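The next block holds one structure in the form of structure tokens; read it before the comments.
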Ligand code: 5AD
Ligand code: SF4
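Residue numbers (our numbering): 12 to 495.
Have a look at this one:
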């Protein structure tokens, strides 16, 4: 029995990629182990969006060097975005690495591990896709392969939730972002393939699917002469028995079309939550970022969302300290949080990424301490907004898909070494239909079912409540009155 250890950093795409790679390796006789020390093969699934994420991996590679020297037969692999972006540079910086496998070549991993292991000289192996300018669109697209149908239920954080990739790549080319080069051209998967994958997941017990794409609402695919958009896909998945909720991330503001908003409003299983990053509240910054919309256009989109889907939650991403950001433009981003009252925002300090337009053309001129202060200011404001809006739920009832033990209960269970599966009431967590995290006391066996929770307290990130009744039937669309 060969043993594999995998460490994943980065976004949901990477979590899903790791799930697929592990499923593939298990089919080749591997078992997963918890530490790199006990593994025959150590894989790092990497992220390049910010420099910090890359530093973490280079540091982990430094730590494992001694282990590799003591056990030269151990295979060390770097996969994902950093592998695609840095390629041979990784071999130069970390010569003990055996494999470099880009995001579009992950299906090659079992073969590459075998080839390194079996070659007399333990030759280093590399499989990466073409750069965006290294061929025709068709050639570059073809070099990013997807091998999604492989699934491994055990690698999922929850047995009731699963990611489903509906598209790969990105063609938006925001000036700060490496994703168009690390994940290649935008390509939508055929709806029939996605649908059969959802059926398999439902049979495995999955209750909620989260559809993934860098710009998930740009999804379009023509099959049998018919154009399928994201709204059509949600409609088709709504009919899959066993699936109770359908989410999707991340949306691109310009592609937030009315048919999609109407689908979120009308399709019973569609979660009333949209993640549509604004990135900045100042037109000049949006222009330099090449986001493709103005503050006024984003405002118009928000108005359409609020008119079409009452009670819909919207969350955003922001970048602080991008090239030339003045104090005034920073204040405009702050104003946009006050105006749109996002459910939550992910706030990032600008990190210059080699190979991007911003790195080539615009100086990274905001000092680190200013970035940090602006980041903290925005976080504090967003927390205040989130807490105020969460307080509106106090006294109301929300329908929650129970995911399992809350983080606090999980830590407690780990301390007491209990496993957490017993019938005693513990603190559980789940999400409302508008993506609010809800904690409440209940029997851990409720995981995977829908419960009605009355809210009596909150923090900026969490609603706190207690169980009122429980829905028994899975897959029923006769949901309880949904507030959240
Ligand atoms: N620096 C900082 N944040 C970035 N993001 C993308 N590229 C960068 C960068 N170079 C942020 C954006 C995006 C999120 C996933 O990461 O806000 O929406
Ligand atoms: Fe990056 Fe922009 Fe594409 Fe999002 S839309 S992945 S920020 S290039």
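Idealized CB from N, CA, C, for every residue including glycine. Note that the structure is a prediction, hence the values are computed from the model and not measured.
Counted within 10 angstroms of its Cβ, other Cβ atoms place residue i as buried (16 or more) or exposed
{"i": "residue 440", "result": "buried"}
{"i": "residue 139", "result": "buried"}
{"i": "residue 60", "result": "buried"}
{"i": "residue 455", "result": "buried"}
{"i": "residue 12", "result": "exposed"}
{"i": "residue 74", "result": "exposed"}
{"i": "residue 28", "result": "buried"}
{"i": "residue 66", "result": "exposed"}
{"i": "residue 409", "result": "buried"}
{"i": "residue 241", "result": "buried"}
{"i": "residue 85", "result": "buried"}
{"i": "residue 99", "result": "exposed"}
{"i": "residue 341", "result": "buried"}
{"i": "residue 479", "result": "exposed"}
{"i": "residue 401", "result": "buried"}
{"i": "residue 417", "result": "buried"}
{"i": "residue 399", "result": "exposed"}
{"i": "residue 339", "result": "exposed"}
{"i": "residue 288", "result": "buried"}
{"i": "residue 351", "result": "buried"}
{"i": "residue 435", "result": "exposed"}
{"i": "residue 213", "result": "buried"}
{"i": "residue 315", "result": "exposed"}
{"i": "residue 244", "result": "buried"}
{"i": "residue 225", "result": "buried"}
{"i": "residue 475", "result": "buried"}
{"i": "residue 104", "result": "exposed"}
{"i": "residue 207", "result": "exposed"}
Contacting residues, own chain, Cβ-Cβ under 6 Å from residue i (five flanking each side not counted)
{"i": "residue 53", "result": "16, 47, 87"}
{"i": "residue 239", "result": "202, 232"}
{"i": "residue 393", "result": "348, 356"}
{"i": "residue 284", "result": "324, 445, 446"}
{"i": "residue 457", "result": "413"}
{"i": "residue 330", "result": "290, 359, 361"}
{"i": "residue 319", "result": "272, 276"}
{"i": "residue 294", "result": "305, 306"}
Rounded C-alpha distance that separates residue i from residue j
{"i": "residue 405", "j": "residue 419", "result": "21 Å"}
{"i": "residue 542", "j": "residue 34", "result": "Given a span of 12 to 495 for the chain in the structure shown, any question on residue 542 remains unanswerable."}
{"i": "residue 147", "j": "residue 381", "result": "42 Å"}
{"i": "residue 280", "j": "residue 219", "result": "9 Å"}
{"i": "residue 57", "j": "residue 193", "result": "11 Å"}
{"i": "residue 502", "j": "residue 42", "result": "What is shown of the chain runs 12 to 495, which leaves residue 502 out entirely."}
{"i": "residue 261", "j": "residue 131", "result": "45 Å"}
{"i": "residue 282", "j": "residue 256", "result": "6 Å"}
{"i": "residue 150", "j": "residue 449", "result": "47 Å"}
{"i": "residue 343", "j": "residue 353", "result": "15 Å"}
{"i": "residue 195", "j": "residue 128", "result": "29 Å"}
{"i": "residue 468", "j": "residue 199", "result": "42 Å"}
{"i": "residue 422", "j": "residue 470", "result": "19 Å"}
{"i": "residue 477", "j": "residue 443", "result": "13 Å"}
{"i": "residue 70", "j": "residue 384", "result": "26 Å"}
{"i": "residue 24", "j": "residue 427", "result": "33 Å"}
{"i": "residue 142", "j": "residue 94", "result": "12 Å"}
{"i": "residue 252", "j": "residue 473", "result": "30 Å"}
{"i": "residue 371", "j": "residue 63", "result": "20 Å"}
{"i": "residue 120", "j": "residue 227", "result": "27 Å"}
{"i": "residue 153", "j": "residue 179", "result": "12 Å"}
{"i": "residue 366", "j": "residue 204", "result": "34 Å"}
Close beta carbons around residue i, own chain, < 8 Å, minus the five adjacent residues each side
{"i": "residue 333", "result": "187, 291, 296, 299, 300, 361, 369, 377"}
{"i": "residue 26", "result": "19, 168, 174"}
{"i": "residue 14", "result": "41, 42, 43, 44, 49, 50, 51, 52"}
{"i": "residue 184", "result": "191, 301, 368"}
{"i": "residue 210", "result": "251"}
Nonlocal neighbours in the same chain, by C-beta distance under 7 Å from residue i, ignoring five residues either side
{"i": "residue 229", "result": "197, 263, 266"}
{"i": "residue 161", "result": "31, 34, 35"}
{"i": "residue 164", "result": "170, 215"}
Where in the stretch 219-258 do unbroken runs of the beta strand (DSSP E), each at least 3 residues long, occur, reported from the N-terminal end onward?
219-223, 231-234, 237-240
Only counting runs of 3 or more residues, tell me where the beta strand (DSSP E) segments fall wholly within the stretch 277-301, in order along the chain.
284-286
Which runs of the beta strand (DSSP E) at least 3 residues long sit entirely within the stretch 407-456? Give them in chain order.
408-416, 437-442, 448-453
In chain order, which continuous runs of the alpha helix (DSSP H) of length 4 or greater are located wholly inside the stretch 173-215?
190-193, 202-214
Within the chosen definition, does the stretch 187-196 reach the stretch 161-173 through at least 3 CB pairs nearer than 8 Å?
no
Is the stretch 70-81 touching the stretch 113-129 in the sense that three or more CB pairs, one from each, lie closer than 8 Å?
no
Continuous alpha helix (DSSP H) assignments of at least 4 residues falling wholly in the stretch 81-155:
92-97, 99-104, 120-129, 148-154
Please give the ranges of any beta strand (DSSP E) in the stretch 33-63, keeping only runs that are unbroken, at least 3 residues long and fully inside the region.
41-43, 52-57
Report yes or no: do three or more beta-carbon pairs, one from the stretch 456-465 and one from the stretch 410-418, lie closer than 8 Å?
yes
Going residue by residue through the stretch 379-404, where are the continuous alpha helix (DSSP H) segments of at least 4 residues, counting only ones entirely within it?
379-402
Entirely enclosed beta strand (DSSP E) segments - the stretch 301-334, minimum 3 residues:
324-331
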